[in-house]
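Heads up: the protein sequence lines correspond to chains A and B, in order.
To convert, note that position 86 of the first sequence is 86 in my numbering; the numbers rise steadily by one, no gaps.
To convert, note that position 53 of the second sequence is 1053 in my numbering; the numbers rise steadily by one, no gaps.
Yeah, the Cβ is synthetic: ideal placement off N, Cα and C, and Gly gets one too.
Shown next, in structure tokens, is the structure this report addresses.
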Amino acid sequence: QQQVKQSPQSLIVQKGGISIINCAYENTAFDYFPWYQQFPGKGPALLIAIRPDVSEKKEGRFTISFNKSAKQFSLHIMDSQPGDSATYFCAASRDYGGATNKLIFGTGTLLAVQP
Amino acid sequence: DTAVSQTPKYLVTQMGNDKSIKCEQNLGHDTMYWYKQDSKKFLKIMFSYNNKELIINETVPNRFSPKSPDKAHLNLHINSLELGDSAVYFCASSTQGGNQPQHFGDGTRLSIL
């Protein structure tokens, strides 16, 4: 059962355009929603994260929009650059009050920004 | 300085062999993880350790045995390798507690012939 659904699978955007990647989750107990960026041959790197008490978080050109009632969140990349070309993963987890958290990842979106 | 380092980066071996992947983090974190990324790039958690204690074991075959000699190291030993074990294995670490940012290594690409 895929608990975090991500779309689109791939995305082509022109330089300077806006890239939008969407995710939907099922478990209403999730309370942490990070986005990771992965370049070929590298590990995923945390890009930006949001908790459900806010509807939007912005860091530079990257913005997460969060809709708790719809159980959806999205990543917006403004002024997309060729250097943003990578695979993007959304994820979700729940704080059990324990020592670790279990990230559930989406299926990934391969973004290509054309010059 | 590499924060989370894995060795080897590539591992090519025959079916049925036993192999190990090593992971070390210099971030001072208490918690470490192993993830598997399959050919479709799907990432799934396998194990997590906190201060050398196993916390999460995601119904991974018992051919996979993680070992944490200290909180800065988490190794993964795999017995009787099968074709389906071919994947990229990522180690990650975080500070202790729920919903802490996880820092990933660059992965070990395991190919079974």
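- Taking C-beta atoms under 8 Å as the contact rule, Gln-14/A and Gln-114/A qualify, at a distance of about 6 Å.
- Exposed is the label assigned to Tyr-96/A, since fewer than 16 other Cβ atoms lie within 10 Å of its Cβ.
- Taking 9 Å as the CB threshold, Lys-42/A lines the interface with chain B.
- Excluding its 5 nearest sequence neighbours in each direction, Ser-93/A has C-beta neighbours in its own chain below 7 Å: Phe-30, Tyr-32, Asn-101, Lys-102, Leu-103 and Ile-104, listed in chain order.
- Proximity of Thr-1031/B to chain A, defined by a Cβ-Cβ separation below 9 Å, is satisfied.
- The beta carbon of Lys-1041/B sits closer than 9 Å to some beta carbon of chain A.
- A check of alpha carbon separations from Gly-83/A across Pro-8/A, Gln-9/A and Gly-16/A identifies Gly-16/A as the nearest.
- Residues of the same chain with a CB within less than 7 Å of the CB of Pro-52/A, apart from the 5 flanking positions on each side, are Asp-31, Phe-66 and Lys-68 in chain order.
- Only residues of its own chain outside the window of five on either side were considered, and among them Thr-87 and Phe-89 have a CB closer than 6 Å to the CB of Gly-108/A, listed in chain order.
- Scanning the segment 30-97 of chain A for uninterrupted beta strand (DSSP E) segments of 3 residues or longer gives 33-38, 45-50, 56-59, 62-67, 72-77 and 86-92, listed from N- to C-terminal end.
- Judged by beta-carbon spacing, Ala-1092/B lies within the 9 Å limit of Gly-1105/B, meaning their Cβ atoms are closer than that value.
- Taking 7 Å as the Cβ-Cβ cut-off, the segment 85-109 of chain A approaches chain B at Thr-87, Phe-89, Ser-93, Asp-95, Tyr-96, Gly-97, Gly-98, Ala-99, Thr-100, Asn-101, Lys-102, Leu-103, Phe-105, Thr-107 and Gly-108, given in chain order.
- Taking the Cα of Glu-1082/B as reference, the smallest distance to any Cα among Ala-1072/B, Thr-1007/B, Ser-1005/B and Asp-1018/B is reached at Asp-1018/B.
- Considered as a whole, the segment 1031-1069 of chain B harbours 1031-1037, 1043-1050 and 1053-1057 as its complete beta strand (DSSP E) runs of no fewer than 3 residues, in chain order.
- Distance from the Cα of Gln-1025/B is smallest, within the candidate group Ile-1112/B, Asn-1075/B and Gly-1097/B, for Asn-1075/B.
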